[in-house]
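Chemist: Before I ask anything, here is the structure I am working with.
Protein chains: 2
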Amino acid sequence: MNFPAFRHGNNSGLDFAVHFCNFCLNRKKKSIMTLSEPEQSFILHWGEMGSRWGVNRSVAQIHALLYLAGKPITAEEIAETLSIARSNVSNSLRELQGWRLIETTSVLGDRRDHFIAIADGMEMAKRIVEGRRQREFLPTLSALEGMVKAAKADKATSRESANRMASTLALMEQADSWYREMNALSPKVQSGLLRMGARIAKLLPTSDKG
Amino acid sequence: MNFPAFRHGNNSGLDFAVHFCNFCLNRKKKSIMTLSEPEQSFILHWGEMGSRWGVNRSVAQIHALLYLAGKPITAEEIAETLSIARSNVSNSLRELQGWRLIETTSVLGDRRDHFIAIADGMEMAKRIVEGRRQREFLPTLSALEGMVKAAKADKATSRESANRMASTLALMEQADSWYREMNALSPKVQSGLLRMGARIAKLLPTSDKG
DNA sequence: CAGTTGTTTCAGTATGGACAGAAATATAAG
DNA sequence: CTTATATTTCTGTCCATACTGAAACAACTG
């Protein structure tokens, strides 16, 4: 540890630029989060759950940590707290940004990025769903479209087979359309519908012809 | 190939038991399905999709094959058609039965099980969702319950942290309750709601307080 | 009961993805 | 420009899981 020729109080009257000596920065760098036992199991289970749903463990754990922390923390802190490699943290953070589940913030006098998870659980869920839709659902949908077209044209494919593909496609398209419409509603209405549950069915015209 | 002392037509007048000579059975055994090109890509993509969603490739492929076939086929046929090991097929079939996505049927004069996928796409989707709920969602839910309790009791856990866990739990419980209610509705009403999409929101009391 | 056919279990192998650590690159400060 | 610091890319290792093929097991037939 070396302390350069910086001294507190010599910032020559600048109004906005705030500097810290390396000693302060170093002290800041050392702050590892200590996790309580329940917090640890939350993070562990979150990671476990993630890996069952096609999100890798580190990504899910980091997300859980940021979510629990509720305040901006640095990549390094994350790495030390969870004991995972700095590079892994870096990649995972980038992925989480890709899912729009975390954001970066700046802290005065610190060059490092500080990361924070979006706090609203509902919003979180929506972004995860939207992410999976974009990455997996939509590509499959368009692939299926192609296949159905090909199946109908191909005379080696039985009519029944082609029909089954087509109805699968139709079902998926309907589900997607339902999702898009629901997604477009205001959060207020969305949570209203959620809270309402099956009681909504009572509002349907009694002789439901669809 | 050896042909035992069985001859056509010597079934001694039994009404219901129908026998086939081994020659016939052997001929039956050889029938491998030939898949058209669109069918192949359907199966391949289905497998790909499965593996992205935590279902292993073989299981998903076999399911796709049975779904396309639309008629009962044997484990052996599946193995030969998809070129995967017989044992793998056996295990995968068992898993598919666990998900209630396929059923077994018997064919007269054939000891082997014949498998067929449920045909209704909507029903299929519902069973998949229910399966994942049972296997992954509910366990997580109860684990979370324990953690929230522990977090509230534990004084090393910050109030904010405990609250965040609690609200996550609450959201998941609400989602589950919504699902259960929707699931209990009749298929008719369900598809009515699906087709209706966001127009359902118009039926809500205008000043929606929830 | 012996022989045949079908199914499951088991143990070893292979493959894909996660991960660590090092090296390379970028950015800022003096 | 040099040095310090932050981040990303890259490469090899490790691990989990899927998968195969063989062997054990079970069920049925004559």
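Going line by line, the protein sequences match chains A and B.
Just so we're aligned, residue 19 is where the first sequence starts under the working numbering, counting upward by one.
Just so we're aligned, residue 19 is where the second sequence starts under the working numbering, counting upward by one.
Ideal placement from N, C-alpha and C gives every residue a C-beta, glycine not left out.
#1: Tell me whether I102/A sits in a helix, a strand or coil according to DSSP, three-state version.
#2: With 7 Å as the C-beta to C-beta threshold (strictly closer), list the residues of the stretch 59 to 71 of chain B near chain A in chain order.
#3: By DSSP's criteria, V125/A is part of a beta bridge. Which residues make up the other side?
#4: How big is the Cα-Cα spacing for T92/B and S59/B?
#5: Look at the Cβ atom of S204/A, then the Cβ atom of A174/B, and state whether they are nearer than 9 Å.
#6: Do you know how far the Cα of A202/B is from the Cα of N201/A?
#7: Taking DSSP as the reference, what is the three-state secondary structure of I134/B?
#8: In the structure shown, what three-state DSSP assignment does C39/A receive?
#9: Taking beta-carbon pairs under 8 Å, can you tell me which members of the stretch 192 to 216 of chain B lie near chain A?
#10: How would you label E141/B, buried or exposed, when you count the other beta carbons within 10 angstroms and need 16 or more for buried?
#11: According to DSSP, which residues form a beta bridge with I91/A?
#12: List the residues that DSSP assigns as beta-bridge partners of I120/A.
#13: Would you call the CB atoms of I218/A and L189/B closer than 9 Å?
#14: Distance, Cα to Cα, V147/B vs V125/A?
#15: Counting contacts by CB-CB distance shorter than 9 Å, is L222/A in contact with chain B?
#16: Look at the alpha carbon of R75/A and the alpha carbon of R70/B, and state the distance between them as a whole number of angstroms.
#17: Please decide whether S76/A counts as near chain B, where near means a Cβ-Cβ distance under 9 Å.
#18: Just mark R182/B as buried or exposed, buried being the case when its beta carbon has 16 or more other beta carbons within 10 Å.
#19: What does a CB cutoff of less than 6 Å around W64/A pick up in its chain, not counting 5 residues either side in sequence?
#20: Quick one: which residues of the stretch 82 to 110 of chain A get their C-beta closer than 7 Å to a C-beta of chain B? List them in chain order.
#21: Does the Cβ of A103/B have 16 or more other Cβ atoms within 10 Å, making it buried, or fewer, making it exposed?
#22: Cα separation between V107/A and T99/A?
#23: What residues of chain A sit near M165/B, judged by a beta carbon separation below 8 Å?
#24: If you check the beta carbons only, do G116/A and G149/A fall under 9 Å apart?
#25: Contact criterion: CB-CB distance below 9 Å. Does E154/A meet it with respect to chain B?
#26: Using DSSP with H/G/I as helix, E/B as strand and the rest coil, what is D194/A?
#27: Would P90/A and A180/B be called neighbours here (beta carbons separated by less than 9 Å)?
#28: Applying the 10 Å Cβ sphere with the 16-neighbour rule, what's the burial state of G68/B?
#29: At the 9 Å Cβ level, is T123/A part of the contact set with chain B, yes or no?
#30: In whole angstroms, give me the CA-to-CA distance for A143/B and E66/B.
#31: If you run the structure through DSSP and keep just helix, strand and coil, what is K173/A?
#32: Is the beta carbon of L86/B sitting closer than 9 Å to the one on L114/B?
#33: Check K48/B in the structure and name its three-state DSSP category.
#34: Could you compute how far the alpha carbon of L222/A sits from the alpha carbon of G215/B?
#35: Let's see if you can read the secondary structure: which residues bound the alpha helix (DSSP H) around R213/A?
#36: How about L119/A and I96/A: are their beta carbons less than 9 Å apart?
Modeler: Once the coordinates are examined:
#1: Here residue 102/A corresponds to residue number 84 of the first sequence, with the count starting at 1. For I102/A, the secondary structure class from DSSP, reduced to helix, strand or coil, is coil.
#2: Along the stretch 59 to 71 of chain B, going in chain order, the ones with a CB nearer than 7 Å to a CB of chain A are S59, F60, H63, M67, R70, W71.
#3: Taking the first sequence and counting its residues from 1, one reaches residue 125/A at position 107. Answer by DSSP bridge pairing, in chain order: D128/A.
#4: On the second sequence, position 74 is the one that residue 92/B refers to. On the second sequence, position 41 is the one that residue 59/B refers to. For the pair T92/B and S59/B, the Cα-to-Cα distance works out to about 21 Å.
#5: Along the first sequence, one-based indexing puts residue 204/A at 186. Along the second sequence, one-based indexing puts residue 174/B at 156. Their beta carbons are not under 9 Å apart, which means S204/A does not touch A174/B by this criterion.
#6: Position 183 of the first sequence holds residue 201/A. Position 184 of the second sequence holds residue 202/B. Rounded to the nearest angstrom, the two C-alpha atoms are 23 Å apart.
#7: For the purposes of this step, residue 134/B is taken as the residue at position 116 of the second sequence. The three-state secondary structure of I134/B, taken from DSSP, is strand.
#8: Here residue 39/A is taken as the residue at index 21 of the first sequence, counted from 1. Confidence is the limiting factor: at C39/A the pLDDT is only 37, short of 50, which leaves the residue's position unreliable, though a coordinate-based value still follows. In the three-state reduction of the DSSP assignment, C39/A falls in the coil class.
#9: Those residues of the stretch 192 to 216 of chain B that come within reach of chain A (Cβ to Cβ, closer than 8 Å) are Q192, A193, S195, W196, E199, M200, A202, L203, K206, V207, S209, G210, L211, L212, R213, M214, G215, A216.
#10: Sequence index remark: in the second sequence, residue 141/B carries index 123 (1-based). When all chains shown are included, E141/B counts as exposed.
#11: The sequence position of residue 91/A within the first sequence is 73, counting from 1. DSSP lists F133/A as the beta-bridge partner residues of I91/A.
#12: For this step, residue 120/A is matched to residue 102 along the first sequence. A135/A.
#13: Walking along the first sequence from the start, residue 218/A turns up at place 200. Walking along the second sequence from the start, residue 189/B turns up at place 171. For the pair I218/A and L189/B, the CB atoms are not nearer than the 9 Å cut-off.
#14: Here the question's residue 147/B lines up with position 129 in the second sequence. Here the question's residue 125/A lines up with position 107 in the first sequence. Using only the alpha carbons, I get a separation of about 43 Å.
#15: What you label residue 222/A is simply residue 204 of the first sequence in a count that begins at 1. Closer than 9 Å to some Cβ of chain B, the Cβ of L222/A qualifies, so yes.
#16: Here residue 75/A corresponds to residue number 57 of the first sequence, with the count starting at 1. Here residue 70/B corresponds to residue number 52 of the second sequence, with the count starting at 1. Going from the Cα of R75/A to the Cα of R70/B covers about 15 Å.
#17: Position 58 of the first sequence, counted from the first residue, corresponds to residue 76/A. When Cβ-Cβ separations below 9 Å define contact, S76/A makes no contact with chain B.
#18: Indexing the second sequence from 1 puts residue 182/B at position 164. The residue in question, R182/B, is buried, as its Cβ has 16 or more Cβ neighbours within 10 Å.
#19: Translated into the one-based positions of the first sequence, residue 64/A becomes position 46. Within the same chain, W64/A has close Cβ partners A78, A82.
#20: Listed in chain order, the positions of the stretch 82 to 110 of chain A with a beta carbon within less than 7 Å of a beta carbon of chain B are Y85, L86, G88.
#21: Residue 103/B sits at position 85 when you count from the first residue of the second sequence. Flag for A103/B reads exposed.
#22: Residue mapping note: residue 107/A aligns to position 89 of the first sequence, counting from 1. Residue mapping note: residue 99/A aligns to position 81 of the first sequence, counting from 1. In this model, V107/A and T99/A are separated by some 11 Å (Cα to Cα).
#23: Locating residue 165/B in the second sequence gives position 147, where the first residue counts as 1. Near M165/B (Cβ distances below 8 Å), the residues of chain A are P56, S59, F60, H63.
#24: If you number the first sequence from 1, residue 116/A lands on position 98. If you number the first sequence from 1, residue 149/A lands on position 131. Contact: yes.
#25: Your numbering for residue 154/A matches position 136 in the first sequence. Among the residues facing chain B, E154/A is included, as its CB has a counterpart in that chain under 9 Å away.
#26: Indexing the first sequence from 1 puts residue 194/A at position 176. Helix, per DSSP.
#27: By one-based count along the first sequence, residue 90/A stands at place 72. By one-based count along the second sequence, residue 180/B stands at place 162. Going by C-beta atoms, P90/A is not nearer than 9 Å to A180/B.
#28: Residue 68/B sits at position 50 when you count from the first residue of the second sequence. Flag for G68/B reads buried.
#29: Here residue 123/A refers to the residue found at position 105 of the first sequence. Using a CB distance cut-off of 9 Å, T123/A does not count as an interface residue toward chain B.
#30: Position 125 of the second sequence, counted from the start, is the residue given in the question as residue 143/B. Position 48 of the second sequence, counted from the start, is the residue given in the question as residue 66/B. One C-alpha to the other measures close to 17 Å.
#31: Residue mapping note: residue 173/A aligns to position 155 of the first sequence, counting from 1. In the three-state reduction of the DSSP assignment, K173/A falls in the coil class, being assigned neither a helical nor a strand state.
#32: Taking the first residue of the second sequence as position 1, residue 86/B is located at position 68. Taking the first residue of the second sequence as position 1, residue 114/B is located at position 96. With contacts defined as CB atoms closer than 9 Å, L86/B and L114/B fail to qualify as a contacting pair.
#33: As a first step, residue 48/B must be located in the second sequence, where it is residue number 30. With a pLDDT of 46 at K48/B, under the threshold of 50, the modelled position of that residue is not reliable, and no figure is offered here.
#34: Within the first sequence, residue 222/A is the residue found at index 204, counting from 1. Within the second sequence, residue 215/B is the residue found at index 197, counting from 1. If I take the Cα positions, the gap works out to 12 Å.
#35: By one-based count along the first sequence, residue 213/A stands at place 195. Per DSSP, R213/A belongs to the alpha helix (DSSP H) from 205 to 214.
#36: For this step, residue 119/A is matched to residue 101 along the first sequence. For this step, residue 96/A is matched to residue 78 along the first sequence. No, the pair does not count as a contact, with Cβ atoms beyond the cut-off.
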